[in-house]
Amino acid sequence: MNEKNLDKKIIDIFREKEKVNIGYIVAGYPSVDFTKQFLQNLDNTALDMLEVGIPYSDPIADGKLISQASFLASEAGVTTDTIFNLLTEIKNDISKPLIFLIYYNLIFAYGIDEFIKKCCEANIKGIIIPDLPYEEAFEMSEKLKENNIALIPLVSVTSGNRMKKIISQGDGFIYAIGSLGVTGSKQVDLPRLESFINEIREVSDLPVSLGFGIKNNDNVNTMRKYADGVIVGTSIVEFLEKNDVAYLIQKINELFK
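For the sequence shown, the residue numbers in this note's numbering are 1 to 257.
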């Protein structure tokens, strides 16, 4: 393992690649062992970085499929500590940046300082917190910056004049939500999407990655015309159901070819 890879920041990937492939999984689904095997084989996928969703009982941004996977993992006893222990154990096997997608209640219950300390130990490079509003994000943003972890901002086509403020505390890349609903929802029409991306670029120099509603290779290739990165979540979680790591890798590589 190249030691430099272990220290690579999210922004470095965007500087190196013309377009960045980002996937999402629910940690511990369909099992903790499956998650471990997949992460240890992450280098065999077309993904450049991976969002690792921490199971949560009330995932407000997630559609039915991801919510169900999160519920099943929680029911099986998967906790934030379960994931921290797993990632710390295998971090030297993973050369691609990992990003947590986690709801703020879990962080608050853990304690911000202890949570960030554990993130550093597990080599987490970025965090997405869907339910943390801009007005309450300053402390989290500052502490993450001190530890070289990106707080990745979420903006949507409805963010309007709040967009610049939301982005101001962000780092790594901007997660642009391309639909009006939860994960798996239908995207807005392409002219509106293009306008949305242009609005983001007017207020920030950070790379822009599009997520929500991107389900297949055609969608991926279309979104690459507009954004620096493309994020696929629901389809990958659907592939997890087969409980076959080789199958999952194959399907991810087909998605991002």
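Glycine included, C-beta positions come from ideal geometry on N, C-alpha and C.
Between the region 25-45 and the region 89-100, the count of C-beta pairs closer than 8 Å reaches three or more; the two stretches touch. Note on Tyr247: under 16 other CB atoms within 10 angstroms of its CB, so exposed under the neighbour-count rule. Ile149 and Ser57 have their C-alpha atoms some 25 Å from each other.
Among the bridge pairs identified by DSSP, Leu154 is matched with Tyr175.
Annotation for Tyr104: Ile129, Asp131 and Leu132 place their beta carbon closer than 6 Å to its own, counting only its chain and skipping 5 residues before and after. Look at the beta carbons and you see the region 217-224 not touching the region 194-203: under three pairs across the two are nearer than 8 Å.
In this structure, the alpha-carbon of Ser159 lies about 15 Å from that of Val208. A contact is defined here as three or more CB-CB pairs under 8 Å, and the region 20-38 meets this definition with respect to the region 46-53.
Taking 9 Å as the cut-off, the Cβ atoms of Ala176 and Val203 do not count as close. Just so you know, the alpha carbons of Val230 and Asp113 end up roughly 31 Å apart. Beta-bridge pairing by DSSP links Ile231 to Ile22. Cα atoms of Val52 and Thr88: separation of roughly 14 Å, rounded to the nearest angstrom. Annotated three-state conformation of Phe239 is helix, per DSSP. Under the 10 Å beta carbon count, Ala69 is surrounded by 16 or more other beta carbons and is classified as buried.
Judged by beta-carbon spacing, Ile54 lies beyond the 9 Å limit of Leu98, meaning their Cβ atoms are not closer than that value. In this structure, Thr35 is the residue among Asp12, Ile11 and Thr35 with its C-alpha nearest to the C-alpha of Glu241.
Selection Lys118, Leu72 and Ile66 evaluated against Ile83 yields Lys118 as nearest (Cα-Cα).
Taking the Cα of Gly28 as reference, the smallest distance to any Cα among Leu193, Ile152, Glu142 and Ile66 is reached at Ile66.
Residue pairing from DSSP places Ile127 in a beta bridge opposite Phe100 and Leu151.
Take the alpha-carbon of Leu255 and the one of Asn161: they are about 34 Å apart. Under the three-state reduction of DSSP output, Gly53 falls in the strand class. Here Ser235 is not near Ile249, since their CB atoms are 9 Å or more apart. Nearest in C-alpha terms to Leu144, of all of Ile127, Lys165, Asp228 and Gly178, is Ile127.
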